[in-house]
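Participant: Residue numbers (my numbering), protein chains in the order written: chain A, 1250 to 1573; chain B, 3 to 304. Where is the CB? At the ideal position from N, CA and C, for every residue including glycine. Right, I'll just put the structure down here and ask away after.
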């Protein structure tokens, strides 16, 4: 923008007299080492403290949760909230927790893993070719399919829970793992991510060249497109896994039996056995540190994936809404 | 095999002409799932919403009956109030924090902070509610002194009905804001450096640059966030549901519209009523999504 910059000095000149921030800027420009003005230091302090307050807000509950699992219920109430109990207590809590309904927590974790992973596999097998075809081929109804995908993608998953229940019920699949695996497998966001990836990162000419060399359509996909798509496959896999693992409403409705629950629903169920939250909890009572530990165990897989896929996932969240 | 015959110039692309089967074959599996779990459920909801238990067409009677249920208007009000708090806090704090992070001179600190803000996203769903049940219980909370300073001495006082919209906002913000901060930060990074430089030379300070340059350029992202948060927030379920479990139904029972659909379907055996309320929620989210896709040009469907 050369024209704008050339016009600027004249435009700024009259402002320097009344605008204090512009004054301080002139001062800074003349000597960079000059002490900062009071207003600038205080605004920096303010910014720093706002950012810090939010660090506390976001991190403190997680930290508390980690520590709570190492304490007894007594310590939870009387000790400093951010004190560490002991590894022995952690082990005791684990024993007590895994004793709940003969190891229900392990069963729930297994269920979650089964549901999340099977759906993930189906999601990948279905959405990667679909995204590829939407981006790289021409066919009737392509545009309609794309727009439908976008609309469904923007609908929150909870919208469809009761309608899905009606449908699954009619298909007599309630109480089977397919009642949640199949709906999970339908993951329009994955198709959209793959579509974006192929339109932006893979040149069509590359595929054309392979076709000229006599490659079949399936061969082009498998030998050229798929190897190039590894990053987006990982990305779709990540998002799908997290979405499946953290879903609550759908399994809550579809799988009411304790032995089929995923861990999210199971932990919610555990809550009703904690006397402090539910005075009618009765004999099979669960103590609060056990509930904290159960929560921790329930989120660990997602947390681990978060830590390892950090960089990666940031790029994916941006790619979800921009083509550049 | 037209492509092999003609050594095509760069201007013409052999774009699958005569290969019409490939596209449909690749999308077949997805289309099957889309129909089965995206379109068909909507058909089921419509069918059940307009019929009675015997399958006879009843017009709008299910809509009327459910709307007259004593809990319906309350639930609608709860969700509306919650949405108001949730959207305002999201816009103000997400944009504000993203701008602050963007001004940090140290890239490493900024990156670390974004990650810390993002961590609670791993606790989405039931886990976040459980954590906050502890945070809000003065007997075990690490911020019990803060709660007491605000005049809350017992868990019961904290979860008084009037506080719920704020509490659900806090929980939703805690899990969801970090992701949006990352997105906003990325969008801020996309603003060309010379635009900011021009503003700086023009004498605009941090506030003016943010207000007159950066926020207007973030507009479409803010709209995107508000739309998605609105659609998601209208579906409020897990927070009040778990709260009602934790308080023996004292707080959070039949609080949101989705809880009502659940109650109609599974407690009152009124599947058709549940379908009617579901359909209302469906119409809201489909139209919001549809208008957004059609009008915003945000998703470039080619």
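#1: What separation, rounded to the nearest whole angstrom, lies between the Cα atoms of residue 223(B) and residue 26(B)?
#2: So which residues of chain B does residue 1536(A) contact, with C-beta pairs closer than 8 Å?
#3: Please look up how many angstroms separate the CB atoms of residue 1355(A) and residue 1361(A), rounded, as I've assumed it's under 8 Å.
#4: Using Cβ-Cβ distances below 8 Å, what residues of the stretch 248–260 of chain B are close to chain A?
#5: By the 10 Å Cβ neighbour count, where 16 or more other Cβ atoms means buried, how is residue 1452(A) classified, buried or exposed?
#6: Determine the burial state of residue 276(B): buried for a count of at least 16 other Cβ atoms within 10 Å of its Cβ, exposed for fewer.
#7: Report the residue from 167(B), 117(B), 240(B) whose alpha carbon sits nearest the alpha carbon of residue 187(B).
#8: How would you label residue 185(B), buried or exposed, when you count the other beta carbons within 10 angstroms and need 16 or more for buried?
#9: Below 8 Å, can you find three or more Cβ-Cβ pairs linking the stretch 203–219 of chain B to the stretch 1367–1386 of chain A?
#10: In whole angstroms, what is the alpha-carbon distance linking residue 182(B) and residue 1378(A)?
#11: Rounded to the nearest angstrom, what separates residue 101(B) and residue 1534(A) at their Cα positions?
#12: For a test of the three-state rule: what should DSSP assign to residue 1526(A), helix, strand or coil?
#13: Buried or exposed for residue 72(B), please, with buried defined as at least 16 other CB atoms from any protein chain shown within 10 angstroms of its CB.
#14: Against chain A, with Cβ distances strictly below 9 Å, would residue 26(B) count as a contact?
#15: Looking at residue 1491(A) and residue 1553(A), is the spacing between their C-beta atoms short of 9 Å?
#16: Ignore the nearest five residues each way along the sequence and tell me which others in residue 1353(A)'s own chain have a CB closer than 7 Å to its CB.
#17: For a contact meaning CB atoms closer than 9 Å, what does residue 263(B) contact in chain A?
#18: Buried or exposed, going by whether 16 or more other CB atoms sit within 10 Å of the CB of residue 209(B)?
#19: Against residue 1381(A), what residues of chain B qualify as contacts under a CB-to-CB distance less than 8 Å, listed in chain order?
#20: So, does the CB of residue 1624(A) fall closer than 9 Å to a CB anywhere in chain B?
#21: Can you tell me whether residue 214(B) is buried or exposed? The criterion is at least 16 other CB atoms within 10 Å of its CB, across all chains shown.
#22: Rounded to the nearest angstrom, what separates residue 228(B) and residue 78(B) at their Cα positions?
#23: Taking a cut of 9 Å between CB atoms, which residues from the stretch 265–290 of chain B lie near chain A?
#24: Give a yes or no on whether the minimum CB-CB distance between residue 1423(A) and chain B is below 9 Å.
#25: Could you tell me whether any Cβ in chain C is nearer than 9 Å to the Cβ of residue 242(B)?
#26: Leaving out five residues before and five after residue 1520(A) in sequence, what residues of the same chain have Cβ atoms less than 7 Å from its Cβ?
#27: For residue 1391(A), collect the residues of the same chain with a Cβ closer than 7 Å to its Cβ; drop the 5 residues on either side in sequence, then sort them by chain order.
#28: Do residue 180(B) and residue 120(B) count as a contact pair if the criterion is CB distance below 9 Å?
#29: Which same chain residues, not among the five before or five after residue 1511(A), have their C-beta less than 7 Å away from its C-beta?
#30: Does any residue of chain B bring its CB to less than 9 Å from the CB of residue 1281(A)?
#31: Could you have a look at residue 60(B) and say whether DSSP puts it in helix, strand or coil?
#32: Against residue 125(B), what residues of chain A qualify as contacts under a CB-to-CB distance less than 7 Å, listed in chain order?
#33: Anything in chain A within Cβ reach of residue 143(B), meaning under 9 Å, just list it in chain order.
#34: Please identify the residue among 287(B), 158(B), 249(B) whose C-alpha is closest to the C-alpha of residue 238(B).
#35: I need the DSSP call for residue 1386(A), collapsed to helix, strand or coil.
Facilitator: To lay it out plainly:
#1: Within the second chain, numbered from 1, the residue matching residue 223(B) stands at position 221. Within the second chain, numbered from 1, the residue matching residue 26(B) stands at position 24. Using only the alpha carbons, I get a separation of about 33 Å.
#2: The sequence position of residue 1536(A) within the first chain is 287, counting from 1. In chain order: nothing, as chain B lies at least about 11 Å away.
#3: Indexing the first chain from 1 puts residue 1355(A) at position 106. Indexing the first chain from 1 puts residue 1361(A) at position 112. Their Cβ separation, rounded to whole angstroms, is 11 Å, which puts residue 1355(A) and residue 1361(A) out of contact at 8 Å.
#4: Residues 248, 249, 250, 260.
#5: Numbered from its first residue, the first chain carries residue 1452(A) at position 203. Exposed.
#6: Here residue 276(B) refers to the residue found at position 274 of the second chain. Per the 10 Å Cβ criterion, buried.
#7: In the second chain, residue 187(B) corresponds to position 185, counting from 1. Selected option, being the one with the closest Cα: 117(B).
#8: Counting from 1 along the second chain, the entry for residue 185(B) is found at position 183. It counts as buried.
#9: Under the three-pair Cβ rule at 8 Å, the stretch 203–219 of chain B does not count as touching the stretch 1367–1386 of chain A.
#10: Reading the second chain from its first residue, position 180 is the one you call residue 182(B). Reading the first chain from its first residue, position 129 is the one you call residue 1378(A). Taking the straight line from one Cα to the other gives about 29 Å.
#11: As a position in the second chain, residue 101(B) is number 99, starting the count at 1. As a position in the first chain, residue 1534(A) is number 285, starting the count at 1. The alpha-carbon of residue 101(B) is positioned some 47 Å away from that of residue 1534(A).
#12: Locating residue 1526(A) in the first chain gives position 277, counting from the first residue. Coil at residue 1526(A), not helix or strand.
#13: Sequence index remark: in the second chain, residue 72(B) carries index 70 (1-based). The residue is exposed, with fewer than 16 neighbouring Cβ atoms inside 10 Å.
#14: Stepping through the second chain from its first residue, residue 26(B) is reached at position 24. At least one CB of chain A lies nearer than 9 Å to the CB of residue 26(B).
#15: As a first step, residue 1553(A) is located in the first chain; it is residue number 304 there, counting from the start. As a first step, residue 1491(A) is located in the first chain; it is residue number 242 there, counting from the start. Annotated as distal: residue 1553(A) and residue 1491(A), with beta-carbon spacing of 9 Å or more.
#16: For the purposes of this step, residue 1353(A) is identified with residue 104 of the first chain, where counting begins at 1. Short of 7 Å from the beta carbon of residue 1353(A), and not among the five residues preceding or following it, lie these beta carbons of its own chain, in chain order: 1507, 1515.
#17: Position 261 of the second chain, counting from 1, holds the residue named residue 263(B). The contacting residues are 1410, 1411.
#18: Against the second chain, residue 209(B) aligns to sequence position 207. The residue is exposed, with fewer than 16 neighbouring Cβ atoms inside 10 Å.
#19: Numbered from 1 along the first chain, position 132 holds the residue referred to as residue 1381(A). The contact set of residue 1381(A) on chain B, defined by CB atoms closer than 8 Å, consists of 28 in chain order.
#20: What the structure shows of chain A is the stretch from 1250 to 1573, and residue 1624(A) is not part of that stretch, so it cannot be assessed.
#21: Translated into the one-based positions of the second chain, residue 214(B) becomes position 212. Exposed, by the Cβ-count rule.
#22: Residue numbering aside, residue 228(B) sits at position 226 when the second chain is read from its first letter. Residue numbering aside, residue 78(B) sits at position 76 when the second chain is read from its first letter. Cα to Cα, the separation comes out at about 19 Å.
#23: Answer in chain order: 266, 267, 268, 273, 276, 277, 279, 280, 281, 283, 284, 286, 287, 288, 290.
#24: As a position in the first chain, residue 1423(A) is number 174, starting the count at 1. False, the Cβ-Cβ gap to chain B never drops below 9 Å.
#25: Of the protein chains in the structure, A and B, none is chain C.
#26: One-based indexing of the first chain puts residue 1520(A) at position 271. The residues are 1526, 1540.
#27: Counted from its first residue, the first chain places residue 1391(A) at position 142. Answer for residue 1391(A): 1383, listed in chain order.
#28: Counting from one through the second chain, the residue named residue 120(B) turns up at place 118. Counting from one through the second chain, the residue named residue 180(B) turns up at place 178. Yes.
#29: For this step, residue 1511(A) is matched to residue 262 along the first chain. 1357, 1360, 1361, 1364, 1500, listed in sequence order.
#30: On the first chain, residue 1281(A) is found 32 positions in, with the first residue counted as 1. Only weak support exists for where residue 1281(A) lies, its pLDDT of 46 falling under 50; the coordinates are left without a value.
#31: Position 58 of the second chain, counted from the first residue, corresponds to residue 60(B). In the structure shown, residue 60(B) sits in coil (DSSP, three-state: anything other than H, G, I, E or B).
#32: Residue 125(B) sits at position 123 when you count from the first residue of the second chain. Within 7 Å of the CB of residue 125(B), the CB atoms of chain A belong to 1548, in sequence order along the chain.
#33: Sequence index remark: in the second chain, residue 143(B) carries index 141 (1-based). For residue 143(B), the chain A residues whose C-beta falls within less than 9 Å of its own C-beta are 1313, 1330, listed in chain order.
#34: To locate residue 238(B), count along the second chain from 1; it is residue 236. Of 287(B), 158(B), 249(B), the residue nearest in Cα terms is 287(B).
#35: Locating residue 1386(A) in the first chain gives position 137, counting from the first residue. Correct three-state label for residue 1386(A): coil.
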